[in-house]
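**Student:** Counting in the numbering used here, the sequence shown runs from 557 upward without gaps. This is the structure, below, for whatever I ask next.
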Amino acid sequence: MQPWQLACLVIYCGIVIVLAIYGYHRFLMLRLFNKYHKTPQQPKDHFAQWPLVTVQLPIYNEFHVVERLLETVVKLDYPGERLQIQVLDDSQDETCKIARAAVARLAKQGFNITYHKRNSREGFKAGALEAGLATASGEYILILDADFLPPPSILHQAIHYFTDSEIGMVQMRWGHLNRDYSLLTHIQSIFLDGHFVIEHTARSRSGRFFNFNGTAGIWRKEAIASAGGWQHDTLTEDLDLSYRAQLAGWKFVYLPEVEVPAEIPVEMNAFKSQQHRWTKGAVQVAKKSCPASGGPRTPQK
Numbered sequence: 557m558q559p560w561q562l563a564c565l566v567i568y569c570g571i572v573i574v575l576a577i578y579g580y581h582r583f584l585m586l587r588l589f590n591k592y593h594k595t596p597q598q599p600k601d602h603f604a605q606w607p608l609v610t611v612q613l614p615i616y617n618e619f620h621v622v623e624r625l626l627e628t629v630v631k632l633d634y635p636g637e638r639l640q641i642q643v644l645d646d647s648q649d650e651t652c653k654i655a656r657a658a659v660a661r662l663a664k665q666g667f668n669i670t671y672h673k674r675n676s677r678e679g680f681k682a683g684a685l686e687a688g689l690a691t692a693s694g695e696y697i698l699i700l701d702a703d704f705l706p707p708p709s710i711l712h713q714a715i716h717y718f719t720d721s722e723i724g725m726v727q728m729r730w731g732h733l734n735r736d737y738s739l740l741t742h743i744q745s746i747f748l749d750g751h752f753v754i755e756h757t758a759r760s761r762s763g764r765f766f767n768f769n770g771t772a773g774i775w776r777k778e779a780i781a782s783a784g785g786w787q788h789d790t791l792t793e794d795l796d797l798s799y800r801a802q803l804a805g806w807k808f809v810y811l812p813e814v815e816v817p818a819e820i821p822v823e824m825n826a827f828k829s830q831q832h833r834w835t836k837g838a839v840q841v842a843k844k845s846c847p848a849s850g851g852p853r854t855p856q857k
């Protein structure tokens with residue numbers, strides 16, 4: 557056998573092995589989903605008094621959707637005196653002016669909403685969330701990205717799971733506002749549904765680790781602190797904190813029946829950038845979780 561033939565054979569076998577592992581993983585997720593998806597999931601108890609909740613809205617150059625986000629969040633069905641809203645604005649464009657004006661208008665209407673602007677973008681989204689925690693009055697932190705539109709009942713549906721003192725985070729399912737916009741958005745919605753409908757449900761209800769997806773989730777503030785807080789030495793701070801928290805003993809809950817719709821990237825470049833960030837960040841978290849690796853350096857976005 558010629559050297560080039562041997563090299564091709566090795567590459568071919570490597571690809572087959574990788575595909576076999578991936579296929580087995582998909583089969584395992586389907587098997588677990590089929591076994592557990594009908595398992596009833598209810599909170600341990602109900603709060604006698606609504607706990608304090610802080611809603612964190614990290615935004616960056618979102619002038620097209622920021623007002624829509626704020627108008628949606630202030631409609632949350634939750635006692636106003638138990639709710640704090642933080643707009644964490646790292647924008648470098650007209651978003652700052654629009655967001656500041658919208659916050660001032662809503663504050664005059666009686667909503668407990670504040671605008672936060674940092675002097676630098678150190679740590680990016682993780683840095684903004686960490687800075688917001690310093691003035692967060694809530695025991696629980698609902699995090700929403702700018703293109704998400706939470707239903708008014710989201711806190712009523714999710715907050716009572718924290719009556720179990722072991723629960724550190726509750727994740728809701730992503731929905732898709734523009735699923736039918738194009739073939740690209742339709743394909744993305746299929747992939748995301750596979751992750752949120754099947755894999756997250758299978759992992760959560762079978763007692764396995766799964767991750768917070770950066771938005772549409774509620775954290776117990778104590779869980780964030782005890783796991784080491786938001787860190788920005790990876791591109792996926794959400795995945796990083798998720799595994800640190802679960803390794804520290806916190807349990808996560810996934811609620812597939814609570815849908816929080818959002819917009820999917822409509823341009824191929826935006827989609828490729830998103831996938832690159834998620835893939836590279838996952839590899840960084842894997843290296844960081846391995847004691848021998850020493851962890852990745854601060855990423856550049």
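For every residue, glycine included, the Cβ atom is placed at its ideal position computed from N, Cα and C.
Tell me, to the nearest whole angstrom, how far the beta carbon of VAL643 is from that of LEU700; I am working on the premise that it is less than 8 Å.
**Tutor:** Mapped onto the sequence shown, residue 643 falls at position 87. Mapped onto the sequence shown, residue 700 falls at position 144. Actually they do not touch by this definition, with Cβ atoms about 11 Å apart.
**Student:** Along the alpha helix (DSSP H) that carries PHE827, what are the first and last residues, could you check?
**Tutor:** Here residue 827 refers to the residue found at position 271 when the sequence shown is read from its first residue. Unbroken alpha helix (DSSP H) run through PHE827: 824 to 845.
**Student:** Name the DSSP beta bridge partners of GLU815, please?
**Tutor:** Locating residue 815 in the sequence shown gives position 259, counting from the first residue. Answer is ARG729.
**Student:** Which same chain residues end up closer than 6 Å to HIS732 when comparing Cβ atoms and leaving out the 5 residues on each side of it in sequence?
**Tutor:** Residue mapping note: residue 732 aligns to position 176 of the sequence shown, counting from 1. SER745, ILE820.
**Student:** Would you call the stretch 627 to 641 and the stretch 707 to 719 in contact, with 3 or more CB pairs under 8 Å?
**Tutor:** The answer is yes - the stretch 707 to 719 touches the stretch 627 to 641, with three or more Cβ pairs under 8 Å.
**Student:** At 3 residues or longer, and completely inside the stretch 640 to 700: list those beta strand (DSSP E) runs for me, N to C.
**Tutor:** Listed in chain order, they are 669 to 673, 696 to 699.
**Student:** DSSP beta-bridge partners for THR610?
**Tutor:** Working through the sequence shown from its first residue, we reach residue 610 at position 54. Looking at the DSSP assignment, THR610 forms a beta bridge with GLN640, ILE697.
**Student:** Just mark GLN612 as buried or exposed, buried being the case when its beta carbon has 16 or more other beta carbons within 10 Å.
**Tutor:** Translated into positions along the sequence shown, residue 612 becomes position 56. So GLN612 ends up on the buried side.
**Student:** Measuring only the C-alpha atoms, how far is GLU695 from PHE747?
**Tutor:** The count along the sequence shown starts at 1 and reaches residue 695 at position 139. The count along the sequence shown starts at 1 and reaches residue 747 at position 191. Each residue's Cα considered, the two are about 34 Å apart.
**Student:** In whole angstroms, give me the CA-to-CA distance for PHE619 and LEU705.
**Tutor:** Mapped onto the sequence shown, residue 619 falls at position 63. Mapped onto the sequence shown, residue 705 falls at position 149. PHE619 and LEU705: Cα-Cα distance of roughly 15 Å.
**Student:** Comparing alpha-carbon positions, which option in ALA702, ALA657, GLN665, THR610 lies nearest VAL622?
**Tutor:** As a first step, residue 622 must be located in the sequence shown, where it is residue number 66. When each option's Cα is compared against that of VAL622, the closest is ALA702.
**Student:** Rounded to the nearest angstrom, what separates ARG879 and GLU650 at their Cα positions?
**Tutor:** Here the chain comprises residues numbered 557 to 857, so residue 879 is not present and cannot be evaluated.
**Student:** Is the beta carbon of TYR810 closer than 8 Å to that of THR741?
**Tutor:** For this step, residue 741 is matched to residue 185 along the sequence shown. For this step, residue 810 is matched to residue 254 along the sequence shown. No, the Cβ-Cβ distance between THR741 and TYR810 is not below 8 Å.
**Student:** Leaving out five residues before and five after TYR671 in sequence, what residues of the same chain have Cβ atoms less than 8 Å from its Cβ?
**Tutor:** As a position in the sequence shown, residue 671 is number 115, starting the count at 1. Within the same chain, TYR671 has close Cβ partners VAL643, ASP645, ALA655, ARG656, VAL659, ALA660.
**Student:** By DSSP's criteria, LYS807 is part of a beta bridge. Which residues make up the other side?
**Tutor:** Here residue 807 refers to the residue found at position 251 when the sequence shown is read from its first residue. Answer is ILE723.
**Student:** Exposed or buried, TYR578, counting other C-beta atoms within 10 Å across all chains shown (16 or more means buried)?
**Tutor:** Within the sequence shown, numbered from 1, the residue matching residue 578 stands at position 22. Exposed: under 16 other Cβ atoms inside 10 Å.
**Student:** DSSP three-state label for ILE774, please.
**Tutor:** Within the sequence shown, the letter at position 218 stands for residue 774. In this structure, ILE774 counts as strand in the three-state DSSP scheme.
**Student:** On the DSSP bridge assignment, give the partners of PHE704 in chain order.
**Tutor:** For the purposes of this step, residue 704 is taken as the residue at position 148 of the sequence shown. Answer is ALA818, bridged to PHE704.
**Student:** Using DSSP's beta-bridge definition, name the partner residues of ILE615.
**Tutor:** Taking the sequence shown and counting its residues from 1, the one referred to as residue 615 is at position 59. DSSP, once it has assigned bridges, lists ASP645 as partnering ILE615.
**Student:** Mark ILE669 as exposed unless 16 or more other C-beta atoms lie within 10 angstroms of its C-beta, in which case mark it buried.
**Tutor:** Stepping through the sequence shown from its first residue, residue 669 is reached at position 113. The residue is buried, with at least 16 neighbouring Cβ atoms inside 10 Å.
**Student:** Give the straight-line distance between the Cα atoms of ASP736 and MET728, rounded to the nearest whole angstrom.
**Tutor:** The residue labelled residue 736 in the question sits at position 180 within the sequence shown. The residue labelled residue 728 in the question sits at position 172 within the sequence shown. Whole-angstrom Cα-Cα distance: 22 Å.
**Student:** Might you give, ordered along the chain, the residues of its own chain that have their beta carbon closer than 7 Å to the beta carbon of LEU795, omitting 5 neighbours on each side?
**Tutor:** Within the sequence shown, residue 795 is the residue found at index 239, counting from 1. Within the same chain, LEU795 has close Cβ partners ASN767, GLY837, ALA838, VAL841.
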